[in-house]
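Here the structure comes first, spelled out in structure tokens, and everything after it is commentary.
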Amino acid sequence: MKRAGKLIQMISHFDNLQLAYYKAKKGKEAKIEVINYANNLNDNLKKIQKEIETGNVNVGNYHFFTIYEPKERKIVAASFSERVLHHAIMNICHPYFEKKLIYDTYATRKGKGTYKALDRAKIFTKNNKYFVKFDVRKYFDSIDHTILYEMLERMFKDRTLLSIFKQIIHSNQTSTNKGLPIGNLTSQYFANRYLADLDRYIKHTLRIKAYVRYMDDFVIWHNSKDILLQASKEIENFLIEQLNLVLKYKQLNKTYFGLSFLSYRLFPNKITLTQKAKKRFKTKIKYNDNQLKKQEWTQEQFAEHTRALTAFTAYAYSKKFRNSIING
-13 MKRAGKLIQM ISHFDNLQLA YYKAKKGKEA KIEVINYANN LNDNLKKIQK EIETGNVNVG
47 NYHFFTIYEP KERKIVAASF SERVLHHAIM NICHPYFEKK LIYDTYATRK GKGTYKALDR
107 AKIFTKNNKY FVKFDVRKYF DSIDHTILYE MLERMFKDRT LLSIFKQIIH SNQTSTNKGL
167 PIGNLTSQYF ANRYLADLDR YIKHTLRIKA YVRYMDDFVI WHNSKDILLQ ASKEIENFLI
227 EQLNLVLKYK QLNKTYFGLS FLSYRLFPNK ITLTQKAKKR FKTKIKYNDN QLKKQEWTQE
287 QFAEHTRALT AFTAYAYSKK FRNSIING
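Residue 314 is where the sequence shown ends in this note's numbering, and the numbering goes up by one at each step.
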């Protein structure tokens, strides 16, 4: 694919920066940092504009915190100014990253997402006898900066833009020359791109037709156990040799026994919730009830949060379980 160039002018255009600001503030309008930024909006956007044009961006002003659901993760949250910068870049660079992704990659993509991935996985589970599920060990923490930057160099030729990418990539490291902050918008794009070559290797070189990836969780299906065993060895070697990544685990099993994927358990003819998802649902329903009883939430807020939870369980065969928790 021909490398993209002459993008800096579009990224730094004031209209694009205003759009980036509105995207970055969505859902965060009440935060002090956002209010202060808005009070001097034009000057703040002009400052970012100059940074982009010169290629010297102010990055690395992070706030660190830990989340525990669905699993424990250290989140690295950028300052509001950096979030505006990230949106400004990806408003323009989005289509170039999108072109690198195959159909069956579903994380953080418009028109894709969790349920589209599950719909596709349902079809493959129903039509194949075996599957292998893969999970990369500490994926975001393990992304190699040098390999990632070389990928970006093959996509873009503007040296100023590449310099900005390099500064963002190096703004946080979990170990020497490794790691991306999970909370960054740019990290989502970089992390998806990092495994895009693996996607094509699996689909085009190994010729595995039944394949779904949701960020670093991915599954292959086939009716031949031997083909899956050989493919899984090749995939593991590719991850080590080409991407400097190590698998946390790989699981070969019959689809008859069920595949745990994205908090659901997929069988050829039904979908259930995993035990972890059931436990999480119980905990959150109890929390919602307490928020309502303590009058921390209005009835409308309670209903909004509970609707989201029930929608999650409604995708699976779980009506009896759901009603027992909500009505119990």
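Quick reminder that beta carbons are idealized off the backbone N, C-alpha and C, glycines included.
Classified as exposed, Leu27 has fewer than 16 neighbouring CB atoms from the shown chains inside 10 Å of its CB. Rounded to the nearest whole angstrom, the CA to CA distance from Ile34 to Glu68 is 9 Å.
Its chain contains Asp144 as the residues whose beta carbon lies nearer than 7 Å to that of Lys(-8), once the 5 sequence neighbours on both sides are disregarded; these appear in chain order. According to the DSSP secondary-structure assignment, Ile257 is paired through a beta bridge with Leu252. In the DSSP assignment, the residues bridged to Thr52 are Lys60. In its chain, beyond the 5 residues on either side, no residue has a beta carbon closer than 7 Å to the beta carbon of Gln(-5). If you look at Tyr135, you'll find it in the alpha helix (DSSP H) that goes His131 to Met141.
Here Asn239 carries a strand assignment [DSSP, helix/strand/coil]. In the DSSP annotation of this structure, the continuous segment of the beta strand (DSSP E) that includes Tyr197 starts and ends at Ala196 to Tyr200. Taking the C-beta atoms as reference points, Thr172 is found no nearer than 8 Å to His291.
Here Leu5 has Asn77 as same chain residues with Cβ atoms under 7 Å from its own Cβ, once five neighbours each way along the sequence are excluded. Lys306 is classed as exposed because its beta carbon has fewer than 16 other beta carbons within 10 Å across all chains shown.
In its chain, beyond the 5 residues on either side, Tyr135 have a beta carbon closer than 7 Å to the beta carbon of Lys152.
Collapsing the DSSP output to three states places Ala182 in a helix. Put simply, the backbone Cα of Ile75 is about 24 Å away from that of Ser128. In summary, Tyr273 is exposed, with fewer than 16 beta-carbon neighbours lying within 10 Å of its beta-carbon over all protein chains present. When Asn114, Lys270 and Phe247 are compared, the shortest CA-CA separation from Thr260 is found for Phe247. Judged by DSSP secondary structure, His291 falls within the alpha helix (DSSP H) whose first and last residues are Gln285 to Ala300. Glu139 sits away from Leu147, with the two beta carbons spaced by 8 Å or more.
Of the candidates Lys36, Glu39 and Phe66, the residue whose Cα lies closest to the Cα of Gly46 is Phe66. Taking every protein chain shown into account, the CB of Ser210 has fewer than 16 other CB atoms within 10 angstroms, so this residue is exposed. In the three-state reduction of the DSSP assignment, Tyr116 falls in the strand class. Pairwise C-beta distances place the region 232 to 246 in contact with the region 107 to 114, as three or more of them are shorter than 8 Å.
In this structure, Phe267 and Leu278 do not form a Cβ contact; the two beta carbons are roughly 17 Å apart against a cut-off of 8 Å.
Looking from the CA of Phe51, the closest CA among Gly169, Thr162 and Lys32 belongs to Gly169.
Gln174 is classed as buried because its beta carbon has at least 16 other beta carbons within 10 Å across all chains shown. Nearest in C-alpha terms to Glu19, of all of Ala63, Ile38, Asp1 and Ile(-3), is Ala63.
Measuring C-alpha to C-alpha distances from Thr132 to each of Leu229, Ile61, Arg95 and Ala217 identifies Leu229 as the nearest.
Taking 8 Å as the cut-off, the Cβ atoms of Phe126 and Ala177 count as close.
Between Leu31 and Tyr7, the beta carbon gap of about 7 Å places them in contact (Cβ cut-off 8 Å).
Per DSSP, Ile206 is one residue of the beta strand (DSSP E) stretching across Asp203 to His208. The region 93 to 110 makes contact with the region 196 to 205: 3 or more CB pairs, one atom from each, lie closer than 8 Å. In the DSSP assignment, Ser246 falls within the unbroken beta strand (DSSP E) covering Leu245 to Phe247.
An exposed status is given to His80, since fewer than 16 other beta-carbon atoms sit within 10 Å of its beta-carbon.
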